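Just below is one structure, and these are the notes that go with it.
Residue numbers (the working numbering): 43 to 189.
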């Protein structure tokens, strides 16, 4: 066996080990990062967490139930990764904005999730141009001016 073959085998073995390690840890990481407590661990999120916790109406659901797409497994985890990495970079680089504003994609996602959970109720409402929080302002963290 020459040196190049040995290095290739070591590289492939190390890569395989890393892939297996990530695959083994992934379920636990996904479970942990789906908890509301994890979402609130960023100091900027604490007021939103407290608003959610004490509001009462939606305390049995998690942040990811509203803030991530729930139309498919793949779409959910793609956006979980994208949004999660953005949040981690913002937090650890210290560039977290003082005021967090929801994106256009976030607004569409939240609206779709409201309709998904309350489909029977909203099917009787003809308000295509309206968003759920136009009437139900107190249900989203009591932060009226952020939307």
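The beta-carbon is built from N, C-alpha and C at its ideal position, and this holds for glycine as well. Just so it is clear, the structure is predicted and the values come from calculations on it, not from any experiment.
Original post:
Once you ignore the five residues that flank residue 148 on each side, which residues in its own chain have a CB closer than 8 Å to its CB?
Top reply: On the chain shown, position 106 is the one that residue 148 refers to. Answer for residue 148: 109, listed in chain order.
**OP:** Determine the closest residue to residue 156 out of 143, 144 and 173, with distance taken between C-alpha atoms.
**Re:** For the purposes of this step, residue 156 is identified with residue 114 of the chain shown, where counting begins at 1. Nearest of 143, 144 and 173 to residue 156, Cα basis: 173.
Original post:
In this structure, does DSSP put residue 140 in helix, strand or coil?
Top reply: Translated into the one-based positions of the chain shown, residue 140 becomes position 98. In this structure, residue 140 counts as coil in the three-state DSSP scheme.
Original post:
Secondary structure at residue 84, three-state DSSP: helix, strand or coil?
Top reply: Here residue 84 refers to the residue found at position 42 of the chain shown. Here residue 84 sits in coil by DSSP.
Original post:
residue 111 by DSSP, collapsed to three states: which one?
Top reply: As a first step, residue 111 must be located in the chain shown, where it is residue number 69. In this structure, residue 111 counts as coil in the three-state DSSP scheme.
Original post:
So, residue 84 versus residue 105, is the Cβ gap smaller than 8 Å?
Top reply: As a working mapping, residue 84 is identified with position 42 in the chain shown. As a working mapping, residue 105 is identified with position 63 in the chain shown. No, the pair does not count as a contact, with Cβ atoms beyond the cut-off.
**OP:** Just confirm the distance between the C-beta atoms of residue 142 and residue 86, as a whole number of angstroms; I'd bet it's less than 8 Å.
**Re:** What you label residue 142 is simply residue 100 of the chain shown in a count that begins at 1. What you label residue 86 is simply residue 44 of the chain shown in a count that begins at 1. Confirmed, Cβ separation roughly 7 Å.
Subject >> Burial state of residue 166 (16 or more Cβ within 10 Å) >> reply: The residue labelled residue 166 in the question sits at position 124 within the chain shown. It is exposed - the Cβ of residue 166 has fewer than 16 other Cβ atoms within 10 Å.
Original post:
By how many angstroms is the C-alpha of residue 92 removed from the C-alpha of residue 116?
Top reply: The residue labelled residue 116 in the question sits at position 74 within the chain shown. The residue labelled residue 92 in the question sits at position 50 within the chain shown. The alpha-carbon atoms of residue 116 and residue 92 are separated by roughly 30 Å.
Original post:
Thinking C-alpha only, which one of 152, 126 and 58 is nearest residue 72?
Top reply: Along the chain shown, one-based indexing puts residue 72 at 30. Nearest C-alpha to residue 72: 126.
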